[in-house]
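K.L.:
To convert, note that position 122 of the sequence shown is 140 in our numbering; the numbers rise steadily by one, no gaps.
All residues carry an ideal CB built from backbone N, CA and C; glycine is no exception.
Just so we're clear, the structure is a prediction, and the values are computed from it rather than from any experiment.
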Amino acid sequence: MIDTHCHLSFEEFDNKREEIIENTRKEFKYIVDSGASYKGNIRSLKVASQYNGFIKTTMGYHPEYAGNDNKETINKTLKQISDNIDNIQAIGEIGLDFSVKRSENELKRQHTVFEKLLDMATEYDMPIVLHVRDAEAHALNIVKKYTEIPDVIFHCFSGSKETAMEAVDYGYYISFATNTLFSKRHKKNMKKVPLENMLTETDSPYLSPVKGEYNQPLNIRKTIERIARTKKIDFEEIEKETEKNAIDVYNL
19 MIDTHCHLSF EEFDNKREEI IENTRKEFKY IVDSGASYKG NIRSLKVASQ YNGFIKTTMG
79 YHPEYAGNDN KETINKTLKQ ISDNIDNIQA IGEIGLDFSV KRSENELKRQ HTVFEKLLDM
139 ATEYDMPIVL HVRDAEAHAL NIVKKYTEIP DVIFHCFSGS KETAMEAVDY GYYISFATNT
199 LFSKRHKKNM KKVPLENMLT ETDSPYLSPV KGEYNQPLNI RKTIERIART KKIDFEEIEK
259 ETEKNAIDVY NL
């Protein structure tokens, strides 16, 4: 198994990180830790260096930060990502977030930073990991213009079945997280999205299937079990195919 998107570098794991990672090694090929801010990118690289080979990292700029940071921090974060392009597997998480009402200035800043990062992904031939909460169709219409980006992952996809299938038509990946255990919309998407376009993630420490506990990579098993029940395909086949997809998209 491979957790294609989590945040083990977050402080929530400071007292349990080593134990969680050692327990995960028994069943997993890799864990991909995702940076989301300037300081978060530093933490993600640090954790990856401590578990060299097993923990991989992506570096990104979450739209909530990108929409609110000042110009100095934005430029510093963009430079940080480009300076570390050879140390990461993808640029992400990046994108747009329309989940709450935002000012015009914040939305404009989100779009500006997003497009700069898409330009960077094109320049460096890097895959991207998208955070596009409540902005799935809008973001897809932007991203599909960037035809030279090698691979696109819709992280923790919660959009419509129609948007999911349009993304699949472009060869993009739909990543299913542990929140799929509780959602009819995710079940519909699971039924339609072909295995060759699927990835699995936890988004740890978020989206825990156990109330009162932080999520962790081992819960990927629950996601795969849900996909197996929904698609009526053996667990082992889903595990093998989603592993292969992750290895291909992240060049692991």
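Of the residues 150, 32 and 119, which one's Cα is nearest the Cα of residue 178?
P.N.:
Residue mapping note: residue 178 aligns to position 160 of the sequence shown, counting from 1. Nearest option by C-alpha distance: 150.
K.L.:
I think residue 31 touches residue 223, with their Cβ atoms under 8 Å apart; what is that distance to the nearest whole Å?
P.N.:
Locating residue 31 in the sequence shown gives position 13, where the first residue counts as 1. Locating residue 223 in the sequence shown gives position 205, where the first residue counts as 1. With a Cβ gap of about 7 Å, residue 31 and residue 223 count as contacting.
K.L.:
Would you check if the region 210-217 and the region 236-244 touch, i.e. whether three or more CB-CB distances between them fall below 8 Å?
P.N.:
Judged by Cβ distances under 8 Å, the region 236-244 makes no contact with the region 210-217, as fewer than three pairs qualify.
K.L.:
I'd like to confirm the pairing. Which residues does DSSP put opposite residue 170 in its beta bridges?
P.N.:
Sequence index remark: in the sequence shown, residue 170 carries index 152 (1-based). Partner(s): 146.
K.L.:
Where do the ends of the alpha helix (DSSP H) carrying residue 216 lie?
P.N.:
Within the sequence shown, residue 216 is the residue found at index 198, counting from 1. Element bounds for residue 216: not the alpha helix (DSSP H) but the beta strand (DSSP E), 216-218.
K.L.:
Does DSSP put residue 138 in a helix, in a strand, or in coil?
P.N.:
Walking along the sequence shown from the start, residue 138 turns up at place 120. Three-state DSSP puts residue 138 in a helix.
K.L.:
Buried or exposed: which applies to residue 67, given that a residue is buried once 16 or more other Cβ atoms fall within 10 Å of its Cβ?
P.N.:
As a first step, residue 67 is located in the sequence shown; it is residue number 49 there, counting from the start. Classification for residue 67: exposed.
K.L.:
Only counting runs of 4 or more residues, tell me where the alpha helix (DSSP H) segments fall wholly within the region 97-125, in order along the chain.
P.N.:
The region 97-125 contains no whole alpha helix (DSSP H) run of 4 or more residues.
K.L.:
Sorted by chain position, which residues of the same chain lie with C-beta nearer than 7 Å to residue 269's C-beta, five sequence neighbours on each side aside?
P.N.:
Mapped onto the sequence shown, residue 269 falls at position 251. The residues are 107.
K.L.:
With a cut-off of 8 Å, do at least 3 Cβ pairs link the region 239-258 to the region 46-62?
P.N.:
In short, these stretches do not touch, since the Cβ pair count stays below three.
K.L.:
For the alpha helix (DSSP H) that contains residue 60, what are its first and last residues?
P.N.:
Locating residue 60 in the sequence shown gives position 42, counting from the first residue. Where residue 60 is concerned, the enclosing alpha helix (DSSP H) stretches over 56-68.
K.L.:
Indicate the three-state DSSP secondary structure (helix, strand or coil) for residue 186 in the structure shown.
P.N.:
The sequence position of residue 186 within the sequence shown is 168, counting from 1. Helix, per DSSP.
K.L.:
In three-state DSSP terms, what is residue 162?
P.N.:
The residue labelled residue 162 in the question sits at position 144 within the sequence shown. Here residue 162 sits in coil by DSSP.
K.L.:
Closest by CA to residue 62, which one among 250, 207, 28 and 103?
P.N.:
Stepping through the sequence shown from its first residue, residue 62 is reached at position 44. Measuring from the Cα of residue 62, the nearest candidate turns out to be 28.
K.L.:
If you draw a straight line from the alpha carbon of residue 82 to that of residue 146, how long is it in whole angstroms?
P.N.:
Sequence index remark: in the sequence shown, residue 82 carries index 64 (1-based). Sequence index remark: in the sequence shown, residue 146 carries index 128 (1-based). Approximately 17 Å, taken between the alpha carbons.
K.L.:
If we ignore side chains and look at the alpha-carbon of each, how far apart do residue 65 and residue 44 end up?
P.N.:
Translated into positions along the sequence shown, residue 65 becomes position 47. Translated into positions along the sequence shown, residue 44 becomes position 26. Rounded to whole angstroms, residue 65 to residue 44 spans 19 Å at the Cα level.
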